[in-house]
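Taking it in order: structure first as C-alpha cells, then the write-up.
Residue numbers (this note's numbering), protein chains in the order written: chain X, -17 to 165; chain V, -15 to 111.
Written as C-alpha cells, this is what we have:
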C-alpha cells in the first residue's frame, strides 16, 4: 500500500472509529504472519494479533506520521507484544508441525520427506534461538517479503545497518546449525 | 571479496528471493562464487523456504473484525469511553462489564416474563 493511501485510511480511522476496519483488513494477514513466525503456534498468534489491533485501535490518536509508516508503527506494537509474551511466559516456544511447509506432495520417497521435515524443524528451532531483532529481520525479509528500506523504517535503523545485520544474522544462524550438528 | 561487496551481494540475493527468483548465485560474477558466499546464499534460500507465510483462518479474521467493529461502534456512540492512558486490560474489563450487564438484563427480563406467565389467573391461561 502506498504511503498516501495509508495516510488517508489512518485519518479516516481517527475521525471515525468504525473506519479502523479498513486498516485492519489491509494489515491483519501480515501482522498475524509476523506473530505466528515468532511464536510458532496458531493459538498464541491469534491472541497476540487481537492484542496488537486492540492496542493500535486504542492508541491510534497517538500515532504521528512523521515519515514512519503506519505499518511500521503496527509492526512495532506486534514486536513488543511478542517480547512481552516471551518475558511473561519465560519460554521459547517449540516448533509445531503445522509450521512446516508441506512436503511430499509430489513423488518423493517417505524417508526423503521425513528428512526434509526434520531439517526444516531444526532450522526453525535455530531461527527461534536467535535474538529477537534478528528473528524480526528474517521474518520481515523472507516471510513478509519486505525490502531493506522498509525493514529499516520498521526497525528504526539505516538501510546499511540492516544489510550488515542481515550478514551477521546469517553467520550466527550457520553457527547455530553447526553447533546442532556437532551437539 | 570486500566486506561491503559481500553485504551488497547478500542483500541483492535476498531481494531476488523476495521476488520469487531461485537462481541462487547464477547472476553473480564467477570470482564472487566462493564457498563462503555460496554457503550463506544457500542458507538464505533455506530460511526463505522455512518461513513460508502463514495466514489466519477466515473464521478468526471475521470474528476479530466483528469484535473491533463492535468496539468502534460503541466508541463512536459514546458507550465505550477510553481514557487516554487506560491499558488494554482496562478496556477489556469495561467491555466485559458492559456485556455482563446486558446479559444480566436479559436474564432478569426472561425470569420476569416467566414469573408473569405463571402468576396469570387460571381463566387467562390457554388450554
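Don't be surprised by glycine CBs; every beta carbon is placed ideally from N, CA and C.
For residue 105 of chain X, which residues in the same chain have their Cβ closer than 6 angstroms to its Cβ, ignoring the five residues on either side in sequence? Counted from its first residue, the first chain places residue 105 of chain X at position 123. Counting only Cβ-Cβ distances below 6 angstroms, and skipping sequence neighbours, we find nothing.
Return the CA-CA distance between residue 14 of chain X and residue 31 of chain X, expressed in angstroms with no decimal places. Looking up residue 14 of chain X in the first chain gives position 32. Looking up residue 31 of chain X in the first chain gives position 49. Between the alpha carbons of residue 14 of chain X and residue 31 of chain X lies a distance of about 6 angstroms.
Which first and last residues belong to the alpha helix (DSSP H) in which residue 23 of chain V is found? The residue labelled residue 23 of chain V in the question sits at position 39 within the second chain. 19 to 34 is the extent of the alpha helix (DSSP H) around residue 23 of chain V.
Can you say whether residue 1 of chain V is buried or exposed, counting buried as having 16 or more other CB atoms within 10 angstroms of its CB? The sequence position of residue 1 of chain V within the second chain is 17, counting from 1. With 16 or more other Cβ atoms within 10 Å, it is buried.
Which of the residues in the segment 14 to 30 of chain X, read from start to end, lie with their CB under 7 angstroms from any CB of chain V? 14, 15, 18, 19, 28
Which runs of the alpha helix (DSSP H), 4 residues or longer, sit entirely within the segment 105 to 133 of chain X? 114 to 120
Please list the partners that residue 30 of chain V has in chain X, where partner means a Cβ-to-Cβ separation under 7 angstroms. As a working note, residue 30 of chain V is residue 46 in the second chain. Within 7 angstroms of the CB of residue 30 of chain V, the CB atoms of chain X belong to 105, in sequence order along the chain.
Flag this pair as touching only if the segment 51 to 59 of chain X and the segment 120 to 136 of chain X have three or more C-beta atom pairs under 8 angstroms; answer yes or no. yes
May I ask you to report which of helix, strand or coil DSSP gives residue 45 of chain X? By one-based count along the first chain, residue 45 of chain X stands at place 63. Coil, per DSSP.
Outcome for residue 87 of chain V when other beta-carbon atoms lying within 10 angstroms are tallied against a minimum of 16: If you number the second chain from 1, residue 87 of chain V lands on position 103. Exposed, because fewer than 16 other Cβ atoms sit within 10 Å of the Cβ of residue 87 of chain V.
Decide yes or no for the touch test of the segment 61 to 70 of chain X against the segment 40 to 50 of chain X: beta carbon pairs closer than 8 angstroms, at least 3 of them. No, the segment 61 to 70 of chain X does not touch the segment 40 to 50 of chain X.
Using beta carbons (cut-off 9 angstroms, strictly below), is residue -2 of chain X in contact with chain V? For the purposes of this step, residue -2 of chain X is taken as the residue at position 16 of the first chain. It does: the Cβ of residue -2 of chain X has a partner Cβ on chain V nearer than 9 angstroms.
On a CA-only basis, which of X:154, X:162, X:149 is nearest residue -10 of chain V? Give me that one, please. Counting from one through the second chain, the residue named residue -10 of chain V turns up at place 6. The residue with the shortest Cα to Cα distance from residue -10 of chain V is X:149.
Starting from residue 1 of chain V, find everything on chain X with Cβ-Cβ shorter than 8 angstroms and list it in chain order. In the second chain, residue 1 of chain V corresponds to position 17, counting from 1. Neighbours of residue 1 of chain V on chain X, chain order: 124.
Between which two residues does the alpha helix (DSSP H) harbouring residue -15 of chain X extend? Taking the first chain and counting its residues from 1, one reaches residue -15 of chain X at position 3. -15 to -3 is the extent of the alpha helix (DSSP H) around residue -15 of chain X.
Of all Cβ atoms in chain X, is any one closer than 9 angstroms to the Cβ of residue 51 of chain V? For the purposes of this step, residue 51 of chain V is taken as residue 67 along the second chain, with counting starting at 1. Answer yes: the Cβ-Cβ gap between residue 51 of chain V and chain X drops below 9 angstroms somewhere.
In or out: residue 140 of chain X buried (at least 16 other Cβ within 10 Å) or exposed? By 1-based counting over the first chain, the position of residue 140 of chain X is 158. Result: exposed.
Taking Cβ positions only, does residue 39 of chain V come closer than 9 angstroms to chain X? The residue you call residue 39 of chain V lines up with position 55 of the second chain. It does: the Cβ of residue 39 of chain V has a partner Cβ on chain X nearer than 9 angstroms.
DSSP state of residue 139 of chain X mapped onto helix, strand, coil: Taking the first chain and counting its residues from 1, the one referred to as residue 139 of chain X is at position 157. The answer is coil: DSSP assigns residue 139 of chain X none of H, G, I, E or B.
Just to make sure I have the definition right: I need the residues of chain X whose C-beta is within less than 7 angstroms of the C-beta of residue 60 of chain V. Which are they? The residue you call residue 60 of chain V lines up with position 76 of the second chain. What residue 60 of chain V touches in chain X: -2, -1, 0.
Is the shortest distance between the beta-carbon of residue 56 of chain V and the beta-carbons of chain X less than 9 angstroms? Mapped onto the second chain, residue 56 of chain V falls at position 72. Taking Cβ atoms only, chain X reaches closer than 9 angstroms to residue 56 of chain V, which makes this a yes.
Taking the straight line between their C-alpha atoms, what separation do you get for residue 9 of chain X and residue 45 of chain X? Numbered from its first residue, the first chain carries residue 9 of chain X at position 27. Numbered from its first residue, the first chain carries residue 45 of chain X at position 63. If I take the Cα positions, the gap works out to 16 angstroms.
Taking Cβ to Cβ, would you say residue 11 of chain X is nearer than 9 angstroms to residue 40 of chain V? The residue labelled residue 11 of chain X in the question sits at position 29 within the first chain. The residue labelled residue 40 of chain V in the question sits at position 56 within the second chain. Cβ distance < 9 angstroms, so residue 11 of chain X and residue 40 of chain V count as in contact.
Note down the Cα distance separating residue 153 of chain X from residue 21 of chain V, rounded to an integer number of angstroms. What you label residue 153 of chain X is simply residue 171 of the first chain in a count that begins at 1. What you label residue 21 of chain V is simply residue 37 of the second chain in a count that begins at 1. Looking at the two C-alpha atoms, the distance is approximately 11 angstroms.
Using alpha carbons as the reference points, say which of V:-3, V:31, V:-13 lies closest to residue 118 of chain X. Residue 118 of chain X sits at position 136 when you count from the first residue of the first chain. Selected option, being the one with the closest Cα: V:31.
Quick check: what's the CA-CA separation for residue 160 of chain X versus residue -6 of chain X? What you label residue 160 of chain X is simply residue 178 of the first chain in a count that begins at 1. What you label residue -6 of chain X is simply residue 12 of the first chain in a count that begins at 1. Cα to Cα, residue 160 of chain X sits roughly 51 angstroms from residue -6 of chain X.
Can you say whether residue 164 of chain X is buried or exposed, counting buried as having 16 or more other CB atoms within 10 angstroms of its CB? Position 182 of the first chain, counting from 1, holds the residue named residue 164 of chain X. Label assigned to residue 164 of chain X: exposed.
Express the C-alpha separation of residue 28 of chain X and residue 35 of chain X in angstroms, rounding to a whole number. If you number the first chain from 1, residue 35 of chain X lands on position 53. If you number the first chain from 1, residue 28 of chain X lands on position 46. Rounded to the nearest angstrom, the two C-alpha atoms are 11 angstroms apart.
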